[in-house]
Amino acid sequence: MELYQISRGFARKTIDMRGDAGRAWIERLPALIAGCADRWSLTVHPPYDNLSYNYVVPVERADGAPAVLKLGFPADNELTTELAALDLVAGQGMVGLLEADPEQSVMLLERVEPGTPLTIMADDEAATRIAATVMARIWQPLAAPGRFPAIADWGQGFGRMRHRFAGGSGPIPPRLADRAEHLFAGLLASQAEPVLLHGDLHHDNILSRRDGVWLAIDPKGVTGEPAYEIGAFLRNPGWLAGHPDAANLTRRRIAIFTDML
Numbered sequence: 000m001e002l003y004q005i006s007r008g009f010a011r012k013t014i015d016m017r018g019d020a021g022r023a024w025i026e027r028l029p030a031l032i033a034g035c036a037d038r039w040s041l042t043v044h045p046p047y048d049n050l051s052y053n054y055v056v057p058v059e060r061a062d063g064a065p066a067v068l069k070l071g072f073p074a075d076n077e078l079t080t081e082l083a084a085l086d087l088v089a090g091q092g093m094v095g096l097l098e099a100d101p102e103q104s105v106m107l108l109e110r111v112e113p114g115t116p117l118t119i120m121a122d123d124e125a126a127t128r129i130a131a132t133v134m135a136r137i138w139q140p141l142a143a144p145g146r147f148p149a150i151a152d153w154g155q156g157f158g159r160m161r162h163r164f165a166g167g168s169g170p171i172p173p174r175l176a177d178r179a180e181h182l183f184a185g186l187l188a189s190q191a192e193p194v195l196l197h198g199d200l201h202h203d204n205i206l207s208r209r210d211g212v213w214l215a216i217d218p219k220g221v222t223g224e225p226a227y228e229i230g231a232f233l234r235n236p237g238w239l240a241g242h243p244d245a246a247n248l249t250r251r252r253i254a255i256f257t258d259m260l
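Residue numbering for the sequence shown follows numbering that gives the first Met the number 0, beginning at 0 and increasing consecutively.
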């Protein structure tokens, strides 16, 4: 069991967020990892740096094939919808789902190598075209839309904000909050037929594979019209806000998406 030590930083973050239930999960985590290693014949390596809320480790399968083991907090809705999205697209535009145990909130994923993120691409127009290609592969018609949250569900955050700040918008300038809420309602009312979306498709969530294919990772799994998907890309990477020609760069991106999608 010493092979699967959990860093103090990850443990503290989990406990701060989940309380006693998080502490209990952290205590079980080494045994969960060991169980996955035995069940799927995995060689487990040290975890990735800068873990967020899931425990993610590179592994190798019995035949030497590289993979990624991802363990989430039990009954985590986001991990549940991520798993459902990966299952639905079946490797089309997203990383492949190799094995899963939904009850334990565990999944074994294809490891994308070299895994270079789209962030490193200096040619912004080329990067935008790659993103558009990935989007088109991901979007799926929905035979059973109830498996996933909808964009409308995410919009309930406006109501939670108003409740928390007694009708106000807290740290968000009122003019911006009011404008965003108004625009969201209008766009929601006019949206086209919903499809499965990634939900957070920014540059760092698009990785390169050795065969030249680019794949998305970490899908949220949400339903909405395709136009919603470009939002995360348009506001990233972080350097965009300080770019001297940000407005024209954004217009060029939109033109590419309009042409390709």
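We put the CB at the ideal spot given by N, CA and C, even for glycine.
What you are looking at is a predicted structure, and each value in this text was computed from that prediction instead of being measured.
Residue i versus residue j - alpha carbon distance
i, j, result
"Gln4", "Ile32", "10 Å"
"Leu78", "Leu248", "34 Å"
"Pro113", "Glu98", "21 Å"
"His202", "Ala126", "8 Å"
"Leu41", "Asp48", "20 Å"
"Arg60", "Asp100", "17 Å"
"Trp39", "Val55", "16 Å"
"Asp244", "Asp177", "27 Å"
"Met134", "Gly92", "7 Å"
Exposed unless 16 or more other CB atoms sit within 10 angstroms - verdict on residue i
i, result
"Met0", "Because the pLDDT at Met0 is just 42, under 50, the model does not fix this residue reliably, and the point stays unresolved."
"Asp217", "buried"
"Trp138", "buried"
"Asp122", "exposed"
"Ala291", "Any answer about residue 291 is impossible in this case: the structure gives the chain only from 0 up to 260."
"Ile171", "exposed"
"Arg252", "buried"
"Asp62", "exposed"
"Phe164", "exposed"
"Glu228", "buried"
Nearest candidate by alpha-carbon position, reference residue i, set the options
i, options, result
"Leu70", "Gly114, Ile25, Asp86 and Gly95", "Ile25"
"Ala226", "Ala131, Asp203 and Arg38", "Ala131"
"Glu109", "Gln103, Asp48 and Gly90", "Gly90"
"Asn53", "Asp210, Leu107 and Val133", "Leu107"
"Leu68", "Asp86, Val88, Ala74 and Ser104", "Ser104"
"Val221", "Ala64, Asn235 and Leu195", "Leu195"
Beta-ladder partner(s) of residue i, from DSSP
i, result
"Pro274", "Only positions 0 to 260 of the chain appear in the structure, and residue 274 is not among them; the question remains open."
"Ala99", "Met106"
"Tyr54", "Leu70"
"Pro65", "Glu59"
Decide if the segment 202-220 is in contact with the segment 110-118; the criterion is three or more beta carbon pairs, one per stretch, under 8 Å apart. yes
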